[in-house]
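**Q**
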Amino acid sequence: MNIKLSLAFLWIFCSGTYLLGQAFVPKIERSFTVVIDAGHGGHDSGTVDKNGRFEKNINLYVAKFVKLYLNKFAPDINVILTRDTDVFLPLERRPLYAKISNADLFISLHCNHNPNSSAQGAEIYLQNTHRKDVILNLRQAARLALILNRNLEQKLNYRSRGVMRSNLQVLRESIDYVPSLLLEMGFFSNSAESSYLNSKKGIKGISLSVTKSIIEYFESR
Ligand SMILES: [Zn+2]
71 MNIKLSLAFL WIFCSGTYLL GQAFVPKIER SFTVVIDAGH GGHDSGTVDK NGRFEKNINL
131 YVAKFVKLYL NKFAPDINVI LTRDTDVFLP LERRPLYAKI SNADLFISLH CNHNPNSSAQ
191 GAEIYLQNTH RKDVILNLRQ AARLALILNR NLEQKLNYRS RGVMRSNLQV LRESIDYVPS
251 LLLEMGFFSN SAESSYLNSK KGIKGISLSV TKSIIEYFES R
């Protein structure tokens with residue numbers, strides 16, 4: 071085989087491989103990574119409302135819708151779900167998703183319960199710590215919390231009890247790696263709020279508020 075012919079075969083081979091690579095290798099390097107943690111799962115149903123509906127399902131539905139909406143409206147954001155089915159996942163495993171993926175945000179989704187059935191509204195939690203080595207992550211988490219609080223109240227017209235601090239395991243064990251917050255989406259112990267959270271309108275409304283807040287957060291970095 072002469073040199074010209076060899077080069078021609080090499081070019082065809084290389085360009086074919088390149089094109090195949092482009093066509094079949096998924097785009098895995100994206101600008102930002104957010105971990106969405108649907109609380110509870112499997113035998114751990116979370117709180118239960120008076121109609122026997124489980125918190126774990128709403129947490130999962132919202133997590134999946136947030137992923138769907140982010141994929142649609144902000145495809146540069148890589149979304150990782152700690153669970154995408156009804157499985158039990160221990161608390162200590164959840165922050166590891168943020169650590170291993172080198173994520174830029176961690177958001178844990180829950181629904182609330184209170185013995186007083188009139189209690190209602192979302193609550194947004196940040197880790198309660200004075201550690202100086204995590205102050206940058208805390209500040210960024212607080213920034214997202216304020217964006218989310220504003221979107222829930224002003225865009226969704228949803229009641230919010232505001233941004234709070236607490237010592238919660240998923241936040242305590244994730245704040246080292248990533249800005250993290252926990253959203254209590256509303257009270258299962260309040261009939262009207264539980265009906266809303268268990269409706270398509272409620273799931274989509276909360277999901278859009280979370281999605282919009284994530285996009286705003288990354289856009290204003
Ligand atoms: Zn919960």
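Quick note on numbering: this note's numbering labels position 151 of the sequence shown as 221, and the sequence is numbered without any gaps.
Beta carbons: idealized from backbone N, C-alpha and C, even for Gly.
#1: Given 8 Å as the limit, is there contact between the stretch 106-123 and the stretch 153-161, that is, 3 or more CB pairs closer than that?
#2: Rounding to the nearest angstrom, what Cα-Cα distance links H180 and A173 in this structure?
#3: Using C-beta distances below 6 Å, list every residue in its chain close to V280, excluding the 5 sequence neighbours before and after it, in chain order.
#4: Quick one: which unbroken beta strand (DSSP E) runs of 3-plus residues sit fully inside the stretch 235-273? Chain order, please.
#5: Quick one: what's got a C-beta closer than 8 Å to M234's C-beta in the same chain, skipping five residues either side?
#6: Going by the DSSP bridge assignment, what does S178 pair with across the sheet?
#7: Taking the alpha-carbon of A211 as reference, which of G232, P249, S178 has the nearest alpha-carbon?
#8: Looking at the unbroken beta strand (DSSP E) that takes in Q190, where does it start and where does it end?
#9: For V104, which option in I284, S290, E289, L267 has the closest C-alpha, if you only look at C-alpha atoms?
#10: Going by Cα to Cα distance, which pick from I106, N121, P185 is closest to V149?
#11: Is it right to say P185 is buried, meaning 16 or more other beta carbons lie within 10 angstroms of its own, or is it exposed?
#12: What does the alpha-carbon distance come out to for the pair R291 and S261?
#13: Regarding E125 and ligand 1, is the C-beta to nearest heavy atom distance less than 7 Å?
#14: DSSP on G116, reduced to helix/strand/coil?
#15: Closer than 7 Å: is that where the CB of R113 sits relative to any heavy atom of ligand 1?
#16: Quick one: is D146 buried, meaning 16 or more other Cβ sit within 10 Å of its Cβ, or exposed?
#17: What is the DSSP secondary structure of V157, reduced to helix, strand or coil?
#18: Can you tell which of G116, S265, H183, F143 has its C-alpha closest to the C-alpha of K282?
#19: Any residue with its C-beta under 5 Å from a non-hydrogen atom of ligand 2 counts. Can you list them all in chain order?
#20: Closest to D246 by CA distance: which of L278, Y167, V204 is it?
#21: Roughly how many angstroms lie between the CA atoms of L216 and F257, to the nearest whole one?
#22: From L161 to Y167, what does the alpha carbon distance come to, in whole angstroms?
#23: Would Y131 and R213 be called neighbours here (beta carbons separated by less than 8 Å)?
**A** Result, derived from the coordinates:
#1: Under the Cβ criterion (8 Å, minimum of three pairs), the stretch 106-123 counts as touching the stretch 153-161.
#2: Each residue's Cα considered, the two are about 20 Å apart.
#3: Taken in chain order, the residues that qualify are V136.
#4: Those beta strand (DSSP E) runs which fall completely within the stretch 235-273 and span 3+ residues are 250-257.
#5: E193, I194, Y195, L196.
#6: Its beta-bridge partners are D107, L252.
#7: The shortest C-alpha separation from A211 is found at P249.
#8: In the DSSP assignment, Q190 falls outside any beta strand (DSSP E), carrying neither H nor E.
#9: Closest option to V104, judged by alpha-carbon separation, among I284, S290, E289, L267: I284.
#10: When each option's Cα is compared against that of V149, the closest is I106.
#11: Note on P185: under 16 other CB atoms within 10 angstroms of its CB, so exposed under the neighbour-count rule.
#12: Those two C-alpha atoms are separated by around 39 Å.
#13: Yes, the beta carbon of E125 sits closer than 7 Å to at least one heavy atom of ligand 1.
#14: G116: coil per DSSP, three-state reduction.
#15: Residue 113 is actually His in this sequence, not Arg. The closest heavy atom of ligand 1 lies 7 Å or more from the beta carbon of H113.
#16: Exposed.
#17: It is coil, neither helix nor strand.
#18: Considering only alpha carbons, the answer is F143.
#19: As presented, the structure is devoid of ligand 2, carrying ligand 1 as its sole ligands.
#20: Nearest option by C-alpha distance: V204.
#21: Their backbone Cα atoms lie some 20 Å apart in a straight line.
#22: Taking the straight line from one Cα to the other gives about 11 Å.
#23: One thing to note: Y131 has its Cβ no nearer than 8 Å to the Cβ of R213.
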